[in-house]
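Working notes, beginning with the structure itself.
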Amino acid sequence: DTELRRGEAETEFSWDMRGVTYIRGVDYLVRILMALGKDKLSRDSYYFWQYGNGQRTKRFVLCSLLRVCYPLPQETGADLKAAVKGTRIPPDPTPRM
Numbered sequence: 004d005t006e007l008r009r010g011e012a013e014t015e016f017s018w019d020m021r022g023v024t025y026i027r028g029v030d031y032l033v034r035i036l037m038a039l040g041k042d043k044l045s046r047d048s049y050y051f052w053q054y055g056n057g058q059r060t061k062r063f064v065l066c067s068l069l070r071v072c073y074p075l076p077q078e079t080g081a082d083l084k085a086a087v088k089g090t091r092i093p094p095d096p097t098p099r100m
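Take 4 as the starting number for the sequence shown in my numbering and just add one per residue.
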């Protein structure tokens with residue numbers, strides 16, 4: 004919760020977020036996306052373990068959490084669509100050509 008509400012300044016938990024390896028539920032996915040706001044996704048979090056990158060920026064931490072976020076076994080695309088409804092997250096991003 005603290006990391007999802009943080010500003011640009013690092014929190015006391017930012018360094019520990021690198022140890023989170025599994026999050027379940029579309030509710031968490033939506034909360035993380037909302038916390039990310041207009042920031043773009045970062046691929047840097049994917050290479051964190053390989054290169055020992057010590058980043059703890061808001062964008063880096065949130066993208067790291069997104070990377071380990073999975074739906075619950077009973078959740079479907081319809082659940083995700085319902086969770087996104089009423090938020091500022093676009094339901095269907097424009098495809099790139």
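Each residue gets a CB set at the ideal place from its N, CA and C atoms; glycine is no exception. Keep in mind it's a predicted model, so treat the numbers as computed, not measured.
{"Item": "Leaving out five residues before and five after R9 in sequence, what residues of the same chain have Cβ atoms less than 7 angstroms from its Cβ?", "Value": "K61"}
{"Item": "Could you give the DSSP three-state label for G89: helix, strand or coil?", "Value": "coil"}
{"Item": "Comparing alpha-carbon positions, which option in R59, M37, L69, G80 lies nearest G89?", "Value": "M37"}
{"Item": "Give a yes or no on whether the C-beta atoms belonging to L7 and I26 are separated by under 9 angstroms.", "Value": "no"}
{"Item": "With distances taken from CA atoms, which of A85, R70, P74 is nearest V23?", "Value": "R70"}
{"Item": "Let's see if you can read the secondary structure: which residues bound the alpha helix (DSSP H) around E6?", "Value": "5 to 8"}
{"Item": "Quick one: what does DSSP say Y31 is sitting in, helix, strand or coil?", "Value": "helix"}
{"Item": "Alpha carbon to alpha carbon, what distance is there between F63 and E15?", "Value": "15 angstroms"}
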